[in-house]
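In this text, residue positions in the sequence shown follow this note's numbering: the first is 11, and each later residue adds one.
From the three backbone atoms N, C-alpha and C, an ideal C-beta is built for every residue, glycine too.
None of these values were measured; they are calculated from a predicted model.
In what follows, a structure is listed as structure tokens, so that the remarks can point back to it.
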Amino acid sequence: AANALFTLGAAVLIKAQATDPDGTIQQVVFLADSTPLCTVTQAPYQCSFTPTLGAFNLTAQATDNANTTTTSAAVPITVNPAPQPPTVTITSPAPNTTVGQGTAVTITATASDSDGQIQQVEFLVDESVVCTVATAPYVCSVTPTVGAHLLSVRATDSQGLTATTPAVPITVSSAQAPTVSISSPAPNTTF
């Protein structure tokens, strides 16, 4: 159809109808702008091609048995680049960070999309989603159990494409932090 949009890498099938009231169709030549694409000598008259980026005017030229040629009206089409997935990066914590048991870990990420918008950012601990954030800043706080864990972040864009960061390893240690308090003097003592 006129003004149809295609994605780079997709094949475009062009179909034409050609008749001759006082003879026979010898061939139909399909063109993109002025470049011939296919020559077809019998019905059905169709041609498949994979265009590059840009705008094209498609036409068909029918030649009959008397070598009379007629060119169809041009049908404009546009070929757009393929959608690009988003990019996402974990900015904190650093790989191989160790935290104590019961300590909250703040995961911070950046996400962007060159040809759309970020719809959501999911934070994963050991491949399980623990937070979903729809708008920047992309931050999630979790308190993982004792042991080794892998943190990752997955961004989804407005075209439904996703990207996931490489896993960032962290360790939660069972070692208890020391405690300290002042035993004397008593609070609010006056000297």
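Here the alpha carbons of residue 96 and residue 148 stand approximately 14 Å from one another.
DSSP assignment within the segment 110-135 yields the following whole beta strand (DSSP E) runs of 3 residues or more, N-terminal first: 115-122, 128-135. The residues 95, 96, 164, 165, 166, in chain order, have a CB closer than 8 Å to that of residue 172 in the same chain once the five nearest residues on each side in sequence are set aside. Sorting 195, 123, 53 by C-alpha distance to the C-alpha of residue 27 places 53 at the top. Counting C-beta pairs closer than 8 Å gives fewer than three between the segment 142-158 and the segment 78-94, which falls short of the contact rule. Between the C-alpha atoms of residue 193 and residue 199 there is a straight-line separation of about 12 Å. Proximity to residue 139 across 109, 150, 105, 115 peaks at 150, based on C-alpha coordinates. Beta-bridge partners of residue 193 (DSSP): none assigned. Taking each of 74, 42, 128, 69 in turn and checking the Cα distance to residue 60, the smallest one comes out for 42. DSSP lists 131, 173 as the beta-bridge partner residues of residue 165. Rounded to whole angstroms, the separation of the alpha carbons of residue 23 and residue 40 is 11 Å. The beta carbon of residue 175 sits closer than 8 Å to those of 98, 99, 100, 119, 162, 163, 164, all from its chain and outside the five residues before and after it, given in chain order. DSSP places residue 178 in the strand class (E or B) of the three-state scheme. Residue 25 and residue 56 do touch by the CB rule: their CB atoms are close to 5 Å apart, below 8 Å.
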